[in-house]
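K.L.:
If you want the numbering used here, it's the 1-based position in the sequence shown plus 1. C-beta atoms are modelled at their ideal positions from N, C-alpha and C, and glycine is treated no differently. This structure is a prediction, so every number in the text was calculated from the model and none was measured.
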Amino acid sequence: AANEIAVEAFLRRRIGFLDIAAVVERTMQRLGAPPIGDLAAVLALDAEARAVADAELRTKSGTRAA
Numbered sequence: 002a003a004n005e006i007a008v009e010a011f012l013r014r015r016i017g018f019l020d021i022a023a024v025v026e027r028t029m030q031r032l033g034a035p036p037i038g039d040l041a042a043v044l045a046l047d048a049e050a051r052a053v054a055d056a057e058l059r060t061k062s063g064t065r066a067a
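(1) Around the C-beta of residue 37, are 16 or more other C-beta atoms found within 10 angstroms, so that it is buried, or is it exposed?
(2) Drop a sphere of 10 angstroms on the beta-carbon of residue 28, count the other beta-carbons inside from all chains shown, and report buried for 16 or more, exposed for fewer.
(3) Let me know the alpha helix (DSSP H) ranges lying completely inside the region 2-66, each 4 residues or longer, listed in chain order.
(4) So, using beta-carbon positions, are residue 54 and residue 24 closer together than 7 Å?
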């Protein structure tokens with residue numbers, strides 16, 4: 002999810018290519034590796050990762066990624 006947000010920001014020319022990995026890494030560091038027990042947990046983590054990645058992009062560029 003974080004990668005999708007970061008790639009979209011790159012395609013919109015809001016971040017550089019090398020920033021994609023940095024956004025994904027920071028998102029993963031903030032979220033850690035919580036246990037995933039069911040589909041609801043996967044979907045919740047996906048939504049949280051998207052929100053965290055979006056916040057990372059706003060912090061970096063002062064704009065929303067999507």
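P.N.:
On the basis of the data shown:
(1) exposed
(2) buried
(3) 3-12, 18-32, 40-62
(4) Yes, the pair counts as a contact, with Cβ atoms nearer than the cut-off.
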